[in-house]
Structure formats: C-alpha cells, structure tokens
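Protein chains in written order, with this note's numbering: chain A, 120 to 477; chain B, 120 to 477.
Number of protein chains: 2
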Amino acid sequence: MIGKKGGGPARAGASKAAPLKAGTLKDVADLVGVSVSTVSRALTGKGLIGKDTEERIRKAAEAVNYRANTLARGLKTQRSRLIGLMVHNLVGTSHRLLAELAQQRLGAAGYQVILSVTSDDPEQEARFLDTLENYRAEGLIIIPTGRNGARLARFAQAGVPVVVVIRRQEELELETILHANEEGAYAGTRYLLDLGHRDIGFIVGRADTTSGRERYTGHVRALKEAGLRPDPSRIHFGSYRPETGFRACEAMLGSGRPPTALFVANHEASMGAMKYVTEQGIAVPDQLSLLCYEDVPWFSWHKPAISVVDSGSQRLAELAVERLLLRLGEGAAPAPARPLEHRVDAGLIIRESCAPPR
Amino acid sequence: MIGKKGGGPARAGASKAAPLKAGTLKDVADLVGVSVSTVSRALTGKGLIGKDTEERIRKAAEAVNYRANTLARGLKTQRSRLIGLMVHNLVGTSHRLLAELAQQRLGAAGYQVILSVTSDDPEQEARFLDTLENYRAEGLIIIPTGRNGARLARFAQAGVPVVVVIRRQEELELETILHANEEGAYAGTRYLLDLGHRDIGFIVGRADTTSGRERYTGHVRALKEAGLRPDPSRIHFGSYRPETGFRACEAMLGSGRPPTALFVANHEASMGAMKYVTEQGIAVPDQLSLLCYEDVPWFSWHKPAISVVDSGSQRLAELAVERLLLRLGEGAAPAPARPLEHRVDAGLIIRESCAPPR
DNA sequence: CTGTTAGCGCCTTCAA
DNA sequence: TTGAAGGCGCTAACAG
C-alpha cells in the first residue's frame with residue numbers, strides 16, 4: 120500500500136544543531152544585565168522603559184530565542200486564552216462552518232481553539248468538558264448532546280461564557296442560538312402540500328433534541344392545517360447520520376405504497392436518502408418529490424437540483440462567535456441576565472426536485 | 120433576520136450560586152489537614168499513600184471542586200499535551216478527515232488539538248506557528264504553505280515532532296506523508312487517453328506545491344507516452360479554490376474549440392468545475408468527459424456519477440496521526456534518522472462521467 | 001525608569 | 001507514609 124522513499128535534499132547544519140530550546144525572560148535578563156521584570160515590561164510593552172535598554176533587550180531576546188511561555192503567563196494571569204469548541208462532525212454544513220469561523224475569528228482576537236469532534240457521544244463530551252476545565256478554558260461553544268448538564272452548568276457557575284448552539288441544553292440557563300426549526304419544517308411541508316402532495320414521508324432527527332422535536336412540530340402543524348392526520352408510518356426519527364436516511368427510505372420507499380414526496384429534515388440523513396434514491400433509480404421529481412434541509416453547494420449542481428430548506432448556518436455560526444467574543448475578556452459583557460435565545464431564520468430554496476404528484 | 124425569545128425554564132438555585140471556582144491542591148490540603156505534596160501524590164496516584172488519608176483526600180477534592188490545573192502542571196512538567204493541527208479548509212476531504220481523525224485519536228491518547236484553518240495563507244501560518252511555540256505544543260501536523268520553512272525548522276530543532284502532510288516542505292528534513300500524485304495523475308490521464316481522447320483539458324494545483332507539480336508531471340508523462348505534446352493552453356495551474364476550476368473552465372470550455380475531456384486534478388477546483396459544467400448545461404459524458412481527483416460521497420450520486428482518482432485520504436490521515444503518536448511522549452521513537460517520506464497509493468474509480476469522444 | 005518581592009498551582013527531590 | 005523546600009516562567013504591586 121505504502122511506498123517509502125528517501126527524504127529530500129540534505130540541508131547541512133540544520134539537523135546537527137543542539138536542541139534549540141526557547142529562551143526565558145531570565146535568559147534575556149542575564150544577557151542584558153538587567154532584571155526579569157524590566158525585560159517583561161519591555162517585551163510586553165507595558166510600563167515605561169528606556170529607549171536604549173529596550174533596544175538591547177529586544178536584541179538579546181532574539182539572540183536567546185525568547186518565546187513567551189503562554190502556560191506560565193496563563194498561570195500567572197489566570198487567562199489561558201483557550202476556547203473550547205465541540206461539534207459532532209465536520210461534514211454537516213453548520214458544524215463545519217462553526218469550526219472554520221470560530222477558529223478564524225477567535226484566532227484573530229488572540230484566542231486559540233481546542234477542537235472536539237464527538238459524534239454526539241455523551242461520554243466523549245464529558246471527557247472533553249473535563250479537560251477544558253482543567254485547561255481553564257475561557258469560553259465554550261458547544262452543540263450539546265444534552266446529557267451533561269451538570270458539567271456544563273459548572274462553566275456557567277465559574278463565570279466562563281458558554282454559547283450553546285443548534286440544540287438547547289434543557290434545564291440550564293445558557294445563551295442559546297437555534298435555527299428556526301419549526302418555521303423551516305412548516306415552510307417545507309407547506310410547500311409540498313401546496314404542490315398537491317397528500318402523502319409525505321418525513322425523516323427527522325432524534326425526538327429528544329431541540330431540532331428534531333421542533334421540526335416535527337412544524338411538520339405536523341402544516342399537515343393539520345391542511346386537514347391531514349400525521350401518519351406514524353410516514354414519520355421517521357433518527358440520529359444524525361446517513362444511515363438514518365437510508366433505512367427510513369428502505370422502509371417507506373421500499374413498501375408497496377410509497378409516499379409521493381419525501382422531506383428529509385435531518386441534514387446528515389439526507390446523504391443516506393440521496394444514496395438510496397440514486398441506487399434505486401427513483402426518478403426525482405417525477406416519481407418522488409424530494410426536499411432536503413440545510414443547503415450544500417452540490418445540491419444546486421445535482422440533477423435535478425435539490426430544493427432545500429436553508430437553515431441559515433452561516434448566520435448561526437457568525438452569531439455564535441460574535442456573542443462569545445462579546446462576553447470574553449476583562450471588561451466584557453456579562454452573561455445576559457435572562458439568558459437570551461436567538462433564532463436564525465430559515466428560508467425555502469426552490470430548485471427542481473419537487474413537483475406536483477403525477 | 121433574528122428573533123429573540125425568552126430563555127427556557129428557570130432553574131432555581133443554579134444562577135444564584137457564587138462563582139464556583141475550581142479548587143487547588145492547597146484547598147484540599149487545608150481541608151484535610153495535610154500537606155500539598157501528600158495531596159498531589161494521592162491524586163496523581165504516584166508514591167505510596169495511606170489508604171485512609173487517600174480516601175479523605177479524595178472526598179475533600181470533591182468537596183472543594185478540585186480540578187488539576189493543566190497549565191500549572193505543564194509549566195512544571197514541561198508538557199503541554201497540546202498538539203497543533205494546521206489545515207487550509209475543512210471542506211476538502213483530506214483536510215477534513217485529518218481534522219476529525221487527529222482530534223479523535225490524539226484526544227484518546229490524552230492530547231488536545233489546537234486547530235488552525237489558514238486558507239493557505241503564509242501569514243496566518245506564521246502567526247499560528249508562533250503561538251504554537253508559545254504554548255509549547257508537543258507536536259504538529261501540518262499542510263504547509265511552504266513559505267515558513269524557518270519557523271517550521273525551529274520545531275524540529277527543539278525536538279518537537281512534526282509530521283508534514285500532503286505537500287512537501289522543501290529544504291527541510293521532516294517526516295512527510297504524501298499522496299502518490301504522479302501515479303494518480305498518470306493513471307487518470309492514461310484512462311482518458313485509452314478512451315480515445317486526444318485533447319484533454321487539465322486543471323491542477325499551484326505549480327509551487329508538491330501535489331501540483333507531481334500531478335502535472337504524471338499528466339505530461341502519460342501524454343508523451345501516447346505521443347502527444349502537452350498544450351499549454353490546455354493546462355491550468357491554480358490555487359486550491361473552486362474559482363480556479365470555474366475560471367479554467369471558462370477559458371477552455373468557453374472557447375470555440377473545447378477539449379473532449381477534462382481532468383480536474385485539484386479537489387477544491389473540481390467544485391468550481393462542476394458548477395460551470397452544470398450552469399452551462401454541458402452534457403457529461405456525451406459532450407465532455409469529466410474526471411475529478413479525490414472522492415466525495417456525492418460524486419457517486421451525481422448524474423452521471425463522477426469518475427475520480429481516489430487519493431487515499433483516509434489512509435493518509437491515519438498514517439499521519441499514527442506517525443505522530445509514535446514520536447510523542449517520553450520513551451517515544453525519535454525522529455527518523457533520514458526523515459521518511461511515505462506515499463499513499465492512489466486508485467482510479469471508474470463511474471459514468473467519462474466516455475470515448477463522440 | 002528599574003529592581004525586589006511575592007506568588008499563580010503544581011511536581012519532585014530530600015529529609016523526617 | 002508524610003512534610004518542607006525549591007522552582008517551572010511569568011506578572012504585578014511596591015519601593016527605590
């Protein structure tokens with residue numbers, strides 16, 4: 120499988136040098152013949168320093184390869200400048216955008232992001248939250264599994280800003296940013312209904328998550344308004360994975376009496392649904408109208424182009440980071456008295472995958 | 120755009136508690152009436168401790184909410200347990216897999232990953248490398264821009280294991296894991312040639328990166344073997360972004376005499392190429408054979424299903440993490456004397472997007 | 001403007 | 001089995 124080849128060109132000198140350790144304040148101080156605190160002041164730009172000494176210190180710092188030790192500094196100042204970010208994967212658009220954006224913006228503000236990809240596993244979440252506490256993380260953006268409320272509560276109690284995203288953490292008063300799930304699912308279902316569909320398959324997330332529950336509610340509301348009774352065999356809850364979509368499709372589309380439309384309101388599951396539909400050669404939208412949730416670029420290149428409920432993930436990510444940044448640092452905003460719950464609007468993007476039932 | 124609503128249910132007590140600070144060794148010691156060192160030993164499991172005192176210490180630790188301060192410990196032990204990971208985005212399959220896998224595996228081994236998404240920007244890379252040094256990161260996995268050799272060299276000199284991935288860092292002897300670029304591009308081009316194509320458009324990465332150069336070489340080798348002379352107007356180098364593909368398509372396919380096949384050997388650019396081809400309604404493979412590089416799930420659901428050169432990203436990510444892990448920690452393997460260069464094999468996945476020229 | 005002093009929280013000899 | 005002492009590298013009063 121793997122070939123090994125020799126390395127690149129030999130660079131004389133580089134590999135022979137003694138392990139080059141980073142210098143410390145003391146190293147610099149000794150070299151210049153001045154006290155550590157003077158060096159500290161000169162290098163951090165605080166306090167008044169003689170022009171001349173400053174220059175000599177700067178030179179010496181260079182010479183001894185001085186690198187401010189963030190750990191030591193953090194110990195002293197009680198500021199780690201570390202932010203935790205917990206997502207469940209990096210495939211889902213909202214999760215990915217969150218990771219990219221958080222790292223970029225927080226990095227620009229002088230913070231570093233410690234990442235955790237937990238596959239929605241409460242145990243991994245627990246461990247991650249523990250290590251974050253140990254690192255004295257100064258902030259946290261998290262898509263919670265919902266099973267570690269106690270640990271999460273500790274952050275808030277310790278005064279560490281927490282921004283909960285995508286799902287609510289029940290029983291805890293934490294600032295939360297959510298998609299407008301009910302509205303999104305309502306709009307999607309309504310669209311299908313208006314097209315004339317009376318038998319709609321609905322694939323959604325876990326019933327014990329905010330988005331799963333709310334999207335379900337929106338769906339049912341639309342059905343009822345149209346005078347339809349929700350049919351349990353047409354509604355599939357499931358975890359946020361492609362298999363969920365694939366299995367649900369097998370159950371509904373493999374049956375003798377398939378629905379005329381399918382609304383996959385679970386982003387990860389939509390990947391599995393797409394797979395099933397393609398493999399089975401089901402004609403979209405002639406044979407089946409297909410509506411997904413949360414846009415990805417290739418949906419518009421697909422044939423037919425896939426219509427979706429756009430959940431506004433970019434905005435959600437921006438808002439999450441923005442809110443955290445506001446509450447970070449010294450003179451920052453305190454936690455909102457009554458923790459705010461923000462909603463990011465959803466929108467319907469109509470392309471080619473839905474049509475009236477034949 | 121955004122609606123604000125009141126928070127969830129009020130949880131009595133939770134919000135009123137005084138900021139719950141994490142306890143220190145001293146807090147525990149004071150409570151038990153014993154010295155800090157005893158507590159330290161008891162809690163870290165080193166040294167012999169009286170069964171009874173150990174129990175009391177454990178209880179007290181709980182009571183004062185003791186959390187080992189990783190920063191302090193790191194300062195003392197000179198081990199941050201922090202690993203840097205630098206990728207250019209999280210969309211590209213290889214980058215994303217690297218991030219997911221690194222976090223998972225390293226996390227399981229007791230390390231935390233500091234992430235940086237740099238968009239291939241040397242300045243951001245420089246800043247990130249600096250902060251990593253400051254945090255005393257113990258290891259690094261990086262897709263280098265190639266412009267910060269000096270900074271990268273410092274890690275190696277300081278004895279910090281560095282694993283370079285996807286592109287080589289020229290002039291530095293660092294352990295490196297690469298795709299079999301030349302072979303992959305050769306195989307892809309050869310496939311198109313065997314199908315009968317004589318006029319092939321080729322979109323590839325930057326000429327100053329390993330993958331860009333090597334894929335170009337493989338492509339040209341196949342052409343020459345087939346008795347063809349590479350035509351500069353059919354070869355487009357460009358950065359790893361969708362626009363690269365889109366623009367190159369405009370140039371080649373918008374002309375009066377378009378090629379009969381297009382080989383996009385630049386993963387990010389293939390997204391732009393797909394967009395162009397779809398927008399222009401170009402029939403694949405009838406009008407144009409399309410071959411991409413690096414597989415993504417939806418390529419197989421696309422109509423027609425997209426043929427690709429699979430670069431083995433999963434294996435590459437695994438190998439990278441594996442190698443780093445081997446060199447991490449105390450009794451770990453030293454840097455290979457002659458830094459190894461690993462190659463991960465590529466494979467051709469034939470689907471439906473390529474056909475003989477009409 | 002600069003030096004001294006005193007820790008931040010932890011680990012680790014060295015004695016008891 | 002336990003305690004005392006020292007120091008990792010840095011910052012922040014407080015004196016000079």
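Think of the CB as a built atom: it goes at the ideal place given N, C-alpha and C, for glycine as much as any other residue.
* Who are the neighbours of B:His421 on chain A, taking C-beta pairs under 8 Å? -> Within chain A, the C-beta atoms nearer than 8 Å to that of B:His421 come from Trp417, Trp420, His421 and Lys422, in chain order.
* Let me know the alpha helix (DSSP H) ranges lying completely inside the region 211-245 of chain A, each 4 residues or longer, listed in chain order. => Counting whole runs of 4 or more residues, the region 211-245 of chain A contains the alpha helix (DSSP H) stretches 212-227.
* **chain B contacts from the region 371-385 of chain A (Cβ-Cβ distance under 7 Å)** => Going along the region 371-385 of chain A in chain order, one finds no residue with a Cβ nearer than 7 Å to chain B.
* **Residue(s) in a DSSP beta bridge with B:Tyr185** => Paired residue(s): B:Gly142.
* Residues of its chain near A:Gly126, where Cβ-Cβ distance is below 8 Å and the 5 sequence neighbours each way are ignored -> With a pLDDT of 33 at A:Gly126, under the threshold of 50, the modelled position of this residue cannot be trusted; read the value that follows with caution. Hits under 8 Å: none found.
* Asked: In terms of residue numbering, what span does the beta strand (DSSP E) encompassing A:Glu294 cover?
  -> The continuous beta strand (DSSP E) containing A:Glu294 extends over residues Glu294 to His298.
* Give the interface partners of A:Tyr254 over in chain B, defined as CB-CB distance under 8 Å, in chain order. => The answer, in chain order, is Thr189, Leu190 and Gln231.
* Along the chain, where does the alpha helix (DSSP H) that runs through B:His480 open and close? -> Since the first residue of chain B shown is 120 and the last is 477, residue 480 of chain B is not available in this structure.
* To do: Starting from B:Phe418, follow the alpha helix (DSSP H) in both directions and report where the run begins and ends.
  => In the DSSP assignment, B:Phe418 falls outside any alpha helix (DSSP H), carrying neither H nor E.
* Asked: In chain order, which alpha helix (DSSP H) runs of at least 4 residues are fully inside the region 289-351 of chain A?
  -> The region 289-351 of chain A contains these whole alpha helix (DSSP H) runs: 300-313 and 329-344.
* In whole angstroms, what separates the C-alpha of B:Ala474 from that of A:Arg266? -> In this structure, the CA atom of B:Ala474 is about 52 Å from the CA atom of A:Arg266.
* Asked: From this set, B:Val282, B:Asp149, B:Leu204 and B:Tyr254, which residue's C-alpha is nearest B:Tyr194's C-alpha?
  -> The question names Tyr, but residue 194 of chain B in the sequence shown is Leu. Each of B:Val282, B:Asp149, B:Leu204 and B:Tyr254 was checked against the Cα of B:Leu194, and the nearest Cα belongs to B:Tyr254.
* Bridge-paired residues (DSSP) for A:Ser408 -> Answer is A:Ala380.
* To do: Can you pull the chain A residues whose beta carbon is under 9 Å from the beta carbon of B:Met390, in chain order?
  => Chain A residues near B:Met390: Pro416, Trp417 and Trp420.
* Apply the 10 Å Cβ neighbour rule to A:Pro458 and answer buried if 16 or more other Cβ atoms are within range, or exposed otherwise. => Looking at its Cβ environment, which holds 16 or more other Cβ atoms inside 10 Å, A:Pro458 is buried.
* Asked: Does A:Arg246 have its Cβ less than 9 Å from a Cβ in chain B?
  -> Contacts with chain B at 9 Å (Cβ-Cβ) include A:Arg246.
* To do: Leaving aside the five residues before and after B:Pro453 along the sequence, list all residues of the same chain whose C-beta is less than 8 Å from its C-beta, in chain order.
  => Within the same chain, B:Pro453 has close Cβ partners Arg446.
* To do: Say whether chain B places a C-beta atom closer than 9 Å to the C-beta of A:Arg177.
  => Any Cβ of chain B closer than 9 Å to the Cβ of A:Arg177 would place that residue at the interface, and such an atom is absent.
* Which partner residues of A:Asp171 appear in the DSSP bridge assignment? -> DSSP lists no partner for A:Asp171.
* **Sequence-distant residues of the same chain with beta carbon closer than 8 Å to B:Ala228, five excluded per side** => Closer than 8 Å at Cβ, skipping near neighbours: Leu444 and Leu447.
* To do: Go through the region 243-278 of chain A residue by residue and report every complete run of the alpha helix (DSSP H) that reaches 4 residues or more, in order.
  => Segments of the alpha helix (DSSP H) lying fully in the region 243-278 of chain A: 268-276.
* Asked: Per the contact definition of three or more C-beta pairs closer than 8 Å, is the region 342-349 of chain A in contact with the region 364-382 of chain A?
  -> Per the Cβ contact rule, the region 364-382 of chain A is not in contact with the region 342-349 of chain A (fewer than 3 Cβ pairs under 8 Å).
* **Per DSSP, the bridge partner or partners of B:Ser426** => Note: B:Ser426 is bridge-paired with B:Leu410 in the DSSP secondary-structure output.
* **Terminal residues of the beta strand (DSSP E) in which B:Gly466 lies** => Unbroken beta strand (DSSP E) run through B:Gly466: Gly466 to Ile468.
* Have a look at A:Lys123 and B:Val279 and give me their C-alpha separation to the nearest angstrom. => No answer about A:Lys123 holds up, because its pLDDT of 34 lies below 50 and its placement is not dependable.
* Is any heavy atom in the ligand ZN found nearer than 8 Å to the beta carbon of B:Ile202? -> Absence of the ligand ZN is noted for the structure shown, with no ligands found whatsoever.
* **Meets three-Cβ-pair contact criterion under 8 Å: the region 313-329 of chain A and the region 346-360 of chain A** => The region 313-329 of chain A and the region 346-360 of chain A touch, with no fewer than 3 CB-CB distances between them shorter than 8 Å.
* Please state if the CB of B:Leu467 and the CB of B:Val415 are separated by a distance shorter than 9 Å. => Taking 9 Å as the cut-off, the Cβ atoms of B:Val415 and B:Leu467 do not count as close.
* To do: Could you please give the first and the last residue of the uninterrupted alpha helix (DSSP H) stretch that includes A:His207?
  => A:His207: not part of any alpha helix (DSSP H); DSSP gives it neither H nor E.
* Where does B:Pro351 land, buried or exposed, given buried means 16+ other C-beta within 10 angstroms? -> Counting Cβ neighbours within 10 Å, B:Pro351 comes out exposed, since fewer than 16 surround it.
* State yes or no: is the beta carbon of A:Leu467 nearer than 9 Å to at least one beta carbon in chain B? => No, A:Leu467 does not count as interfacial toward chain B.
* **Contact set between B:Glu413 and chain A, taken where Cβ atoms lie within less than 8 Å** => In chain order: nothing, as chain A lies at least about 14 Å away.
* **Near-chain A residues of the region 331-365 of chain B (beta-carbon distance less than 7 Å), N- to C-terminal order** => If the cut-off is 7 Å between Cβ atoms, the region 331-365 of chain B has nothing near chain A.
* To do: Output yes if chain B places a C-beta closer than 9 Å to the C-beta of A:Lys145; else output no.
  => It does not; no Cβ of chain B falls within 9 Å.
* Asked: In chain A, what lies closer than 8 Å to B:Val236 by C-beta?
  -> What B:Val236 touches in chain A: Ala218, Glu219, Gln222 and Gln223.
* Mind listing the chain B neighbours of A:Gly152? Cutoff is C-beta to C-beta under 9 Å, in chain order. => Here the premise fails: no neighbours, minimum Cβ distance about 25 Å.
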